[in-house]
């Protein structure tokens, strides 16, 4: 029996996942969380075999949350469930300590299979990202570009690219506007952006690349 905790800030998503896992007699949901703080509390109080973790939640989340959990529970398998089909993001969370990465676009049976694989101690990477990750691993590490960003800078860049304002990003991450602005200045410099238009154009380019890769 796999005792599983679901961490996702959307109630409908958690309820849907619980209904899905009811179809597998070997998976049991023993807890759920809507943010990073609740996730850490659940882990302290429940004997869990696997954590199914959304990458974007209010407050402590993403690579920072994964790193903290991995440090405190190094043997705990963490399967990241994300809406982002992004090889760079997948690489970052795996480096932070996640055991697997799967997108929310995958069919239910693929998610169930991923849960079993990760719980057994194996790695899991979303099939749509495998080739892109393999190719990106061959590139040299750069002092500029996305590889040069800190975890928080990368997270803020994604939110800004999705159309969030500085105030909205601050509210989403539960940090100050000044902190967001400082991170924005740093990431703009590292990425060579001179305006928000450059940032949005870069994000659009990523989306077009993903769509092209999906067609090939």
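Numbering (the numbering used here), first residue to last: 2 to 217.
Beta carbons: idealized from backbone N, C-alpha and C, even for Gly.
Treat the numbers as computed from the prediction; the structure is a model and nothing was measured.
- Within the same chain, no residue comes within 7 Å of residue 72 by CB-CB distance, once the 5 residues on both sides are set aside.
- The region 125 to 135 and the region 93 to 112 touch, with three or more beta-carbon pairs separated by less than 8 Å.
- Contact check for residue 134 and residue 92: beta-carbon distance about 6 Å, within the 8 Å limit, so the pair qualifies.
- Beyond the five residues adjoining it in sequence on each side, residue 64 comes within less than 7 Å, by CB distance, of 93, 94, 97 and 152 in the same chain, given in chain order.
- Shortest Cα-Cα distance from residue 164 to any of 189, 6, 197 and 192 involves 197.
- Taking residue 8 as reference, the option from 61, 192 and 109 with the minimal CA-CA separation is 61.
- Taken in chain order, the complete beta strand (DSSP E) segments of 3 residues or longer contained in the region 74 to 155 are 79 to 83 and 101 to 104.
- For residue 18, the enclosing alpha helix (DSSP H) starts and ends at 12 to 22.
- Counting only the Cα atoms, residue 49 lies some 12 Å from residue 40.
- Distance from residue 130 to residue 86 at the Cβ level is roughly 7 Å; contact confirmed, criterion being Cβ atoms closer than 8 Å.
- Assignment of residue 4 by DSSP, reduced to helix, strand and coil, places it in the strand class.
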